[in-house]
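Colleague:
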Amino acid sequence: MSRITSFQKPVVDMRATGFKIRQLMKESSLSVRDVQEACGFEYPQAVYAWLSGRTLPTVDNLLILSELFDVSMDCIVQKNFCKIVRSA
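When we follow my numbering, the leftmost residue of the sequence shown carries the number 4, and every step to the right adds one.
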(Lines of atoms letter the chains of each structure in order from A and count residues from 1; the text may use other names and numbers.)
(Lines give C-alpha, C1' and ligand atoms only; values in the text may rest on other atoms or scores of the structure.)
Protein backbone atom coordinates (compact mmCIF):
# COMPACT_ATOMS: atom_id res chain seq x y z
CA MET A 1 0.00 0.00 0.00
CA SER A 2 1.40 3.37 -1.06
CA ARG A 3 1.75 6.22 1.42
CA ILE A 4 1.66 8.78 -1.39
CA THR A 5 -1.79 10.30 -1.72
CA SER A 6 -0.96 13.09 -4.17
CA PHE A 7 2.06 14.42 -6.00
CA GLN A 8 3.06 16.48 -9.05
CA LYS A 9 3.95 14.13 -11.90
CA PRO A 10 6.43 15.65 -14.39
CA VAL A 11 5.48 15.28 -18.06
CA VAL A 12 7.86 16.20 -20.90
CA ASP A 13 6.55 19.06 -23.03
CA MET A 14 7.78 18.08 -26.51
CA ARG A 15 6.86 21.38 -28.16
CA ALA A 16 8.54 23.49 -25.45
CA THR A 17 11.61 21.23 -25.57
CA GLY A 18 11.88 21.80 -29.32
CA PHE A 19 11.54 25.54 -28.78
CA LYS A 20 14.29 25.40 -26.12
CA ILE A 21 16.64 23.54 -28.47
CA ARG A 22 15.97 26.17 -31.17
CA GLN A 23 16.64 28.96 -28.64
CA LEU A 24 19.92 27.35 -27.52
CA MET A 25 20.98 26.89 -31.15
CA LYS A 26 20.34 30.58 -31.82
CA GLU A 27 22.22 31.68 -28.68
CA SER A 28 25.15 29.45 -29.71
CA SER A 29 25.00 30.54 -33.38
CA LEU A 30 24.62 26.91 -34.44
CA SER A 31 22.71 25.75 -37.50
CA VAL A 32 20.64 22.62 -37.98
CA ARG A 33 23.58 21.27 -40.00
CA ASP A 34 25.94 21.92 -37.07
CA VAL A 35 23.69 19.97 -34.68
CA GLN A 36 23.18 17.24 -37.28
CA GLU A 37 26.94 16.78 -37.62
CA ALA A 38 27.54 16.88 -33.85
CA CYS A 39 24.99 14.09 -33.38
CA GLY A 40 26.43 12.08 -36.26
CA PHE A 41 23.30 12.11 -38.41
CA GLU A 42 23.54 11.66 -42.16
CA TYR A 43 20.39 13.73 -42.69
CA PRO A 44 18.84 16.63 -40.71
CA GLN A 45 15.30 15.21 -40.37
CA ALA A 46 15.79 14.15 -36.73
CA VAL A 47 16.88 17.66 -35.74
CA TYR A 48 13.89 19.20 -37.54
CA ALA A 49 11.59 16.71 -35.77
CA TRP A 50 13.00 17.83 -32.40
CA LEU A 51 12.57 21.51 -33.27
CA SER A 52 8.94 20.99 -34.27
CA GLY A 53 8.15 18.97 -31.14
CA ARG A 54 7.28 15.80 -33.09
CA THR A 55 10.00 13.74 -31.37
CA LEU A 56 12.51 14.06 -28.55
CA PRO A 57 16.26 13.49 -28.67
CA THR A 58 17.47 10.20 -27.22
CA VAL A 59 19.37 10.34 -23.94
CA ASP A 60 22.64 9.97 -25.89
CA ASN A 61 21.71 12.91 -28.12
CA LEU A 62 20.58 14.96 -25.11
CA LEU A 63 24.03 14.40 -23.65
CA ILE A 64 25.61 15.62 -26.91
CA LEU A 65 23.32 18.68 -26.96
CA SER A 66 24.09 19.49 -23.33
CA GLU A 67 27.83 19.46 -24.11
CA LEU A 68 27.30 21.43 -27.32
CA PHE A 69 25.27 24.16 -25.58
CA ASP A 70 27.14 23.92 -22.25
CA VAL A 71 23.92 23.41 -20.27
CA SER A 72 22.45 20.52 -18.28
CA MET A 73 20.12 18.00 -19.90
CA ASP A 74 17.48 19.20 -17.44
CA CYS A 75 17.80 22.69 -18.94
CA ILE A 76 17.01 21.29 -22.41
CA VAL A 77 14.08 19.05 -21.47
CA GLN A 78 11.08 21.22 -20.68
CA LYS A 79 8.33 19.82 -18.49
CA ASN A 80 4.86 20.42 -17.20
CA PHE A 81 3.37 18.94 -14.06
CA CYS A 82 0.03 17.26 -13.56
CA LYS A 83 -1.38 16.52 -10.14
CA ILE A 84 -1.91 12.85 -9.35
CA VAL A 85 -4.35 12.08 -6.55
CA ARG A 86 -4.78 8.59 -5.15
CA SER A 87 -7.58 7.57 -2.88
CA ALA A 88 -6.41 6.40 0.52
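Glycine is no exception: its CB is placed at the ideal position from the N, C-alpha and C atoms. All values derive from a computational prediction rather than experimental measurement.
#1: Considering only their Cβ atoms, is the gap separating F72 from L27 smaller than 8 Å?
#2: Given a cut-off of 8 Å on the beta-carbon distance, is the pair K86 and Q11 in contact?
#3: Excluding five sequence neighbours on each side, which residues of the same chain lie with their C-beta closer than 8 Å to the C-beta of V14?
#4: What does the Cβ neighbour count give for G21, buried or exposed, with the cut at 16 atoms within 10 Å?
#5: Sort out for me which residues DSSP pairs S9 with in a bridge.
#6: Would L54 pass as a contact of P60 if the rule is Cβ separation under 8 Å?
Modeller: So, to answer that:
#1: It is a contact, given that the beta carbons lie within the stated cut-off.
#2: In this structure, K86 lies near Q11, with their beta-carbon atoms less than 8 Å apart.
#3: Correct list, in chain order: K82, N83, F84, C85.
#4: With 16 or more other Cβ atoms within 10 Å, it is buried.
#5: Beta-bridge pairing links S9 to V88.
#6: Against a cut-off of 8 Å, the Cβ pair of P60 and L54 comes out as no contact.
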